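Shown next, in structure tokens, is the structure this report addresses.
2 protein chains.
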Amino acid sequence: MSKKYVYFFAKGKAEGSAKMKHILGGKGANLAEMTSLGIPVPPGFTISAEVCDYYYKHSNTYPEGLKEEVEKNLKELEEVSGKKFGDPSNPLLVSVRSGAAVSMPGMMDTILNLGLTDETVSGLAKLTGNERFAYDAYRRFIQMFGDVALGIEHAKFEKEIEAIKEKRGIKLDTEMDVDDLKELVERYKALYKREGKEFPQDPMKQLWIAIDAVFGSWMNKRAVDYRRLNKIPEGSLLGTAVSVVSMVFGNMGDSSGTGVGFTRDPSTGEKRRYGEFLRNAQGEDVVAGIRTPESLEGLKKVSEEAYNELFNIFDVLEKHYRDMQDVEFTVENGKLYMLQTRSAKRTARAAVKVAVDMVNEGLITKEEAVMRVTPDHVDQLLHPMFILEEKKHAIEENRLIAKGLPASPGAATGKVVFSAKIAEERGKDEPIVLVRPETSPEDLAGMVAAQGILTARGGRTSHAAVVARGMGKCAVVGCEAIDVDEEKGQFKVGDLIVKEGDWLSIDGSTGEVFLGNIKAIKPEGIEGDLATLLNWADEIRKLGIRTNADTPHDARTARKFGAEGIGLCRTEHMFFDNDRIPAVREMIASETTEQREKALAKLLPMQKEDFKSIFREMKDLPVTIRLIDPPLHEFLPQEEEAQRQLAKDLGISFERVQEIVSSLHEFNPMLGHRGCRLTITYPEIAVMQTKAIILAAIELKKEENVEVIVEIMVPLVGLVSELKYVKNIITKTADELIKKSGVDIKYLVGTMIEVPRAAVTADQIATEADFFSFGTNDLTQMTFGFSRDDSGKFLNDYLEKGILSVDPFKTLDKEGVGSLVRTAKEKGRSTNPHLELGICGEHGGDPDSIRTVDEIGLDYVSCSPYRVPIARLAAAQSTIQLKQGK
Amino acid sequence: MSKKYVYFFAKGKAEGSAKMKHILGGKGANLAEMTSLGIPVPPGFTISAEVCDYYYKHSNTYPEGLKEEVEKNLKELEEVSGKKFGDPSNPLLVSVRSGAAVSMPGMMDTILNLGLTDETVSGLAKLTGNERFAYDAYRRFIQMFGDVALGIEHAKFEKEIEAIKEKRGIKLDTEMDVDDLKELVERYKALYKREGKEFPQDPMKQLWIAIDAVFGSWMNKRAVDYRRLNKIPEGSLLGTAVSVVSMVFGNMGDSSGTGVGFTRDPSTGEKRRYGEFLRNAQGEDVVAGIRTPESLEGLKKVSEEAYNELFNIFDVLEKHYRDMQDVEFTVENGKLYMLQTRSAKRTARAAVKVAVDMVNEGLITKEEAVMRVTPDHVDQLLHPMFILEEKKHAIEENRLIAKGLPASPGAATGKVVFSAKIAEERGKDEPIVLVRPETSPEDLAGMVAAQGILTARGGRTSHAAVVARGMGKCAVVGCEAIDVDEEKGQFKVGDLIVKEGDWLSIDGSTGEVFLGNIKAIKPEGIEGDLATLLNWADEIRKLGIRTNADTPHDARTARKFGAEGIGLCRTEHMFFDNDRIPAVREMIASETTEQREKALAKLLPMQKEDFKSIFREMKDLPVTIRLIDPPLHEFLPQEEEAQRQLAKDLGISFERVQEIVSSLHEFNPMLGHRGCRLTITYPEIAVMQTKAIILAAIELKKEENVEVIVEIMVPLVGLVSELKYVKNIITKTADELIKKSGVDIKYLVGTMIEVPRAAVTADQIATEADFFSFGTNDLTQMTFGFSRDDSGKFLNDYLEKGILSVDPFKTLDKEGVGSLVRTAKEKGRSTNPHLELGICGEHGGDPDSIRTVDEIGLDYVSCSPYRVPIARLAAAQSTIQLKQGK
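These protein sequences, in sequence, are chains X and W. Numbering-wise, the first sequence is residues 2 to 887 according to our numbering. Numbering-wise, the second sequence is residues 2 to 887 according to our numbering.
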């Protein structure tokens, strides 16, 4: 028996079902499903996407028997409809629609009224008693067929209409009378000839040309681009299906009409029916926007019966599909037909509300609710977002001037400033956007004061990006199109010059940069339904969620957002404060261990207080503290003036300061004297930091009875001997203090796994470590050999040329970096079965990466505070998917 | 039965043998072996090193039964010698010596004359009829025992001698008479008291204290340091053995004497007996150098019989040990005793000659000959070396002013210059040493002109190091102690200032930097015995040996040295020549693909000629050509003046040049826009290079019938999609040219594996690659996260603190980087069984790394021309060791 390629549906019976989306496409599958549910759907059939697959695998030919199968189905269609294809007295007209398993703009969409010819058009006129309607349908079909199936430019058809309207002195298409329409049909036919095409007068020919066109459109540029942009890998879908459905007409007069409907409000999620209806119109008229549609109440005026039936169908569909539906329908002479149903697109707010409501209504499970809300939805609810209409408006006005990397989500509008100092001053009084070539730790206060940050250089894990995400502040980085001239107080984009004080709006979720002001919606925070949903996620997920926080403020925010501990507390950020940096610099300028210890002694009480205030926020939870990591040169001023000041402050010569700066210069600081390498050269730094950590814990316990689980983390370990060396310093220092205090303080010592060698030799390293925390930023840098600060120069090329499908700094590279993480886990656990495993790179807040990490089997992820709610949801979704074997 | 701990030897019979070095130490094992051979050895016994092992594992106690076993052996010793321990009438005296399996200065060495007491000394006097001899022996023993076994400072004993000599108005020790010696004994005893020690009058007590002292010395600081410095891992040896041997005396009068001998000339390797003899003396007198020893002919004068017997023994030992021996002997009243034999230390020249001669004599196999010569020996024969005496002299004169990294072996002496330009001028007329903070490609001509290169910064794989090794030129790099001031034309080391024109000598094999001139020996090259030996190595080894060569000159040198192809031809080095760099810069400054192609078109004929001349040298052999690798900024001038000139040359503004330079600036160029990333952004570069390679091969084949096996290598691949992209460009370009030419040219396309991700995903990458070449420099950088240019700042700390035992840029890190190489090999071969595998990093010329690579099972190593002979030997040694399961 040959394979079945065509699936029929009519009158309550269908060969297909909603489960067959893969071969019938979303549209075809749901038409079949609705038919089986007894919902009125015009009869028709769907040609399987397997044909599309065959078509491309066999040099654009069809499988044997397809032709016969289509003809057989057409015959059946004629039988159930009582009409005949090409029959002038009672012609069968059909729509031909494409439809893949995933909704995909970019392919050929729809041809309506197929089957009309010079002969059948008059039959239609007679049948309907409406000649104008028939000729209007005909000319629309010729136009659509020429444009969509044969590639004759749309504008050329419009020109013919214009010519007639001009001749007749009328303005609207609807003002054209039958004769005009007949003339138009002739003009269109002449246009076909001029274009070297022929309008087929044989409906079967029309049908096959249309089917060819649908399959052909699967690989057209727009469709291929769309799949690339939406990360739908070629080969993951079979192709498009083709649905051939008998026509129903909403434009047959005042007892006809067409509309779209939502079973709930797609904007708020409230349980109220929502939709639009246009009397005496076809679907395309709704889209064209010539007339303003009414609400669904309009349908009631046409037919109360149809109105009640529609709402009945809403209930049936929701119960059946167990999700909010978005439907298209047509009423032909008072009779309701459903033309499409699908899961409704919805706003973030609606997604959350619908999911929670449906659980409460007993319609779906908590797991299903968790799967219905996307991480992006949560993200949107936590950050200000530009009002969509306002943004569209700005784009129409050509105010979209550049696009950078979307580094930290949200929307910001403010006046441009170019220095952190000015940002700090002005930011108190008015909204500002800080624009910098790149940011450095010195810009911190300015970043705090700004609404948003825009940089010309740097990637998703550059300083600006990391810090902004930590603050939950909108940032666009690596916007290479802008050329910042700080001295002149301006930046250029092409020929456009934007000056200090000009208004600028940036969208950190898309990377868009706009001139002028755009209105935004304030974030909702975690309350009500979102809180409920995330609590469900917490019940489901296996991964722990910690946060990356360096300040009590961040710690508090993260805890409020549901963090279960701190997975990464970067101690060096504490060194940049104005009251500390002098001592840090004094330490760096030291020539002897004694001098260094003296300077460190000044830092000790301050660092201890830092830890106390963080520990207090994190009461009873684990806090992972990373010892100093960045190369020392980052703490020194780079400009001459500041260096002269430093010389004065330290009482040394300017030349000596220059000497220190130059001696600390490195060709590749990322691979230089940093991380545990610093502590090995200067053990006294680890001694001071350990003292500060342990003393903080002791004092808090004694004074306030606050307990935390302290985890001391040694960064950049590649050799077990490095960890052993630093661990000895830590345990010696800590154990002495603890013994002296008489208080029982427990602490762990572990390491970041961020150097490939650490992953490869994890069995050795685990013998000295209580925990591993994967620093996937650096691990990605070194595994790929991509500097995160420089990769902007070529990563775009890579994404555009399809060499990479995603930015590995955003989504963890499962095959390369992920494979090293897995190796490290397996080797590490082989020598230390109790090893605690987490990830603290920027990937910790990325849903796809969370899935990868969950699959590998780590214990927790740690991410910036504003990613915590997202991570909670993503982790639960990962658990559900893994349980389902997906 | 309890374990055996003590091994007896006497009169032709021994319980031990030479094979038991592991437990008897070198000395004890060879004494036993010689005894069994019937060679006259004073009787004695050896306490096993297993006792030492036990001693440290059981808090400094001895195994049960040891005491009894020692006493039993002592009794036997008394029996065979007919003397008795502590017997005043015929006292047994013994020497107590330490000895581990590996010769190890730093431990306690020897105590002579043990068994002398106030009572036995007079017995000895009577027996020998020589009271002065007896008391001299006694006072020497007390002194040695106090110093070595009880830790009383040597100088305090010397002070007592001085006091007596002063009192008596004499100068030499030998002028002391019996009374003086008796007084000295009393003074020594008083010294013991003052030090709170007791000189034991019981010989058994003396013996056990001496044994304790030997075992105790195994873990003293000097011994531990020695093992660390010589890379003898703790735990690899059991410890030291203790040999107790009856005393014989070379100082019993004119028919006695002592000497050392070599069975061949240790300096030239010639087959002539060589040694020194001192009449009427003990071994320590030879060392003390008070009298000048005679040649071995001196022994003939003492006893012709002993003389003949000694030479007989030489023959027996050589035949038995099948190696040149170094012996110690004593003649006591005309009777010869052998006290030690061991493999003789020898010069590089001698090592090669002895090995080859012994094969010709039928004494050893070719495999054994190959194992007898070290890679260092070969290295020494290929480079000028400072004459050892002259260097010692320079050190005594405090002319050793600094130490850097030994980057390229050899010795150089010349006048200091600080710029490559001046080096180029002056280098024609006089020897010069180029001193730079670091070198860059712009310094190339200056480096060629210099005798040697000294840099203040950079590691073993820095530009200076790599280029110098390629030229076989002496270089010391990363000499952080020197502070170069190019403008002032001087460098500082501490307070010392060295000015342009001052003489400097540098040793590239040790990293030493000397003020002034030191004489050196010229290299011998590969001729005669060395050529024979290396041909044997070639017969044995499994690894292929290729070379890293970028010029016809290097290719010729390497081929002369035995290279079997080029494993790495770096094309970018060809871009720096004065006739090319303008076109390269023009290409970089291009704003459109067309401009870029125009500039590349200028490079094409030059690059083609480069390849032709290299291919010609490498006729019939494979040549692996790497496409452009370094970031483009390396080709641009960094100084303003040169940038202004460039602007003029290119006809663009100076600002534009600055803009280009700044746009190419990278924070971490090592991880930046380089390697295949460049070719992906600018495919036209790969097109030009492929054209040049393939056209060169076509023309050579057509014009000269010269064939080569072209292997085109894509650098820095981390993703199979990268390789696929660039490979498409290469094959498309190449196949078109080949087809057009009508000539049959075969070429391979492969990749460097130097990014950790490439190793981890090698199964994917191998599907697109004909070969892998491991770029272990970069692979080491990224696997460790160590920048080779910056690691100087901490690598020394790491080596000193024992965190690393070797510099991973010198010797391939077997556990980390090696493990990735193994993974890549296994994964690569799993999808492409014919994959060719080689290594082209600097490790290719390092013997330990060659061993690692051979063990992993790669096909070849590639190294700089001057390392080729070393690699040939090391590869053969590796094969032999692997066959032996070592």
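C-beta: ideal position from N, C-alpha, C; glycine also. Every value quoted in this text rests on a predicted model; they were computed, and no experiment measured them.
Asp630(W) versus chain X: which residues are under 7 Å apart at the beta carbon? Within chain X, no residue comes near Asp630(W); the closest Cβ sits about 12 Å away, beyond 7 Å.
Test item: CB-CB of Gly276(W) and Leu297(W) under 8 Å: Yes. Within cutoff.
Element boundaries [alpha helix (DSSP H), containing Val721(W)]: In the DSSP assignment, Val721(W) falls within the alpha helix (DSSP H) that extends over Val721 to Ser742.
Near-chain X residues of the stretch 677-696 of chain W - C-beta to any C-beta below 9 Å: The stretch 677-696 of chain W vs chain X, Cβ under 9 Å: Arg678, Leu679, Ile681 and Thr682.
Suppose you measure from the CA of Thr787(X) to the CA of Leu672(W); what does that come to, to the nearest Å? The sequence as given places Phe at residue 787(X); Thr does not occur at that position. The alpha-carbon atoms of Phe787(X) and Leu672(W) are separated by roughly 5 Å.
Which word fits Asp137(X), buried or exposed, when buried means at least 16 other C-beta atoms lie within 10 angstroms of its C-beta? Taking every protein chain shown into account, the CB of Asp137(X) has 16 or more other CB atoms within 10 angstroms, so this residue is buried.
In three-state terms, what does DSSP make of Thr804(W)? Note on identity: in this sequence residue 804(W) is Ile, with Thr being the wrong assignment. Note: Ile804(W) maps to coil in three-state DSSP.
Euclidean distance between Cα positions of Glu235(X) and Arg228(X): One alpha carbon belongs to Glu235(X), the other to Arg228(X), and they sit about 8 Å apart.
Report the CB separation of Gly335(W) from Ala307(W) in whole angstroms; it is logged as a contact under 8 Å. That belief holds up - the Cβ atoms of Gly335(W) and Ala307(W) are roughly 6 Å apart, short of 8 Å.
Against chain W: residues of the stretch 781-793 of chain X by CB proximity under 7 Å: Cβ contacts with chain W: Gln782, Met783, Thr784, Phe785, Gly786, Phe787, Ser788, Asp790 and Asp791.
List the endpoints of the continuous beta strand (DSSP E) containing Val122(X). Element bounds for Val122(X): not the beta strand (DSSP E) but the alpha helix (DSSP H), Asp119 to Thr129.
Can you check the stretch 29-55 of chain W for any alpha helix (DSSP H) of at least 4 residues that lies completely inside it and give the ranges in chain order? If one requires a minimum length of 4 residues, no alpha helix (DSSP H) run lies completely within the stretch 29-55 of chain W.
Identify the continuous beta strand (DSSP E) that holds Arg414(X) and give its terminal residues. One detail in the question is off: residue 414(X) reads as Thr in this sequence, not Arg. Where Thr414(X) is concerned, the enclosing beta strand (DSSP E) stretches over Ala412 to Val418.
Out of Phe263(X), Gly517(X), Cys570(X) and Leu665(X), state which residue places its alpha-carbon closest to the alpha-carbon of Arg586(X). Comparing Cα positions, the closest option is Leu665(X).
Evaluate Glu712(W) with the Cβ neighbour count: other Cβ atoms within 10 Å of its Cβ, from every protein chain shown; 16 or more gives buried, anything less gives exposed. Taking a 10 Å sphere around the C-beta of Glu712(W), we find 16 or more other C-beta atoms and assign the residue as buried.
In angstroms, rounded to a whole number, what distance separates the CA positions of Gln878(W) and Gln207(W)? So the two alpha carbons sit approximately 47 Å from each other.
Spatial neighbours of Leu63(W) in its chain, beta-carbon cut-off 8 Å, leaving aside the 5 residues before and after: Looking at the sequence provided, one finds Tyr at residue 63(W) rather than Leu. Only Val52, Tyr55 and Tyr56 meet the Cβ criterion.
Minimum C-alpha distance to Gly839(X) - residue among Ile804(X), Leu883(X), Ala875(X) and Thr777(X): Ranking Ile804(X), Leu883(X), Ala875(X) and Thr777(X) by Cα distance to Gly839(X) puts Thr777(X) first.
With a floor of 3 residues, list each beta strand (DSSP E) that falls wholly inside the stretch 787-872 of chain W, ordered by position along the chain. Counting whole runs of 3 or more residues, the stretch 787-872 of chain W contains the beta strand (DSSP E) stretches 837-840 and 861-864.
Quick check on Pro834(X): buried or exposed, where buried means 16 or more other Cβ atoms within 10 Å of its Cβ? With a threshold of 16 other beta carbon atoms within 10 Å, Pro834(X) falls short and is exposed.
Can you check whether the C-beta of Phe200(X) is within less than 8 Å of a C-beta belonging to chain W? Interface flag for Phe200(X) against chain W is unset, since no Cβ pair is found closer than 8 Å.
Buried or exposed for Asn951(X), going by 16 or more other Cβ atoms inside 10 Å? The question about residue 951(X) has no answer, for chain X in this structure spans 2 to 887.
With which residues is Lys84(W) paired in a DSSP beta bridge? Here Lys84(W) is not bridged, per DSSP, to any residue.
Under 7 Å Cβ to Cβ from Asp266(W), same chain only, skipping five residues before and after it: list those, please. The beta carbon of Asp266(W) sits closer than 7 Å to the beta carbons of Arg273, Tyr275 and Ala351 from its chain, once the five residues preceding and following it are set aside; these are given in chain order.
List the whole-angstrom C-beta distance separating Ile165(X) from Asp148(X), where the pair is believed to meet the contact cut-off of C-beta under 8 Å. About 18 Å separates the Cβ atoms of Ile165(X) and Asp148(X), ruling out a contact at the 8 Å cut-off.
Residue interval of the beta strand (DSSP E) (run including Phe577(X)): Taken as a continuous stretch (DSSP letters only), Phe577(X) belongs to no beta strand (DSSP E), as it is neither H nor E.
Is there a Cβ from chain W that is less than 8 Å from the Cβ of Pro106(X)? Taking Cβ atoms only, chain W never reaches closer than 8 Å to Pro106(X), which makes this a no.
Would you tell me roughly how many angstroms separate the C-alpha atoms of Val7(X) and Asn61(X), rounded to the nearest one? When rounded, the distance between both Cα atoms is 18 Å.
Cα-Cα, which of Gly719(W), Pro201(W), Pro407(W) and Gly845(W) is closest to Leu151(W)? Out of Gly719(W), Pro201(W), Pro407(W) and Gly845(W), Pro201(W) has the C-alpha closest to the C-alpha of Leu151(W).
Under the rule that 16 or more other beta-carbon atoms within 10 Å means buried, what is Gly240(W), buried or exposed? Answer is buried; the Cβ neighbour count reaches 16.
With C-beta atoms as the reference, is Val862(X) less than 8 Å away from Ile546(X)? Against a cut-off of 8 Å, the Cβ pair of Ile546(X) and Val862(X) comes out as a contact.
Cross-chain neighbours of Arg627(X) in chain A, by beta carbon under 8 Å: Given the protein chain composition of this structure (X and W), no chain A is represented.
Nearest chain W C-beta to Met2(X) closer than 8 Å, yes or no? Only weak support exists for where Met2(X) lies, its pLDDT of 47 falling under 50; the coordinates are left without a value.
Nearest by alpha-carbon distance to Gln381(W): which of Ala412(W), Gly566(W), Glu439(W) and Asp847(W) is it? Ranking Ala412(W), Gly566(W), Glu439(W) and Asp847(W) by Cα distance to Gln381(W) puts Ala412(W) first.
Based on the DSSP output, what are the partners of Ile454(W) in its beta bridges? Its beta-bridge partners are Leu435(W) and Ala476(W).
For Thr259(W), report the span of its beta strand (DSSP E) as first-last. Gly258 to Phe263 is the span of the beta strand (DSSP E), which, as asked, contains Thr259(W).
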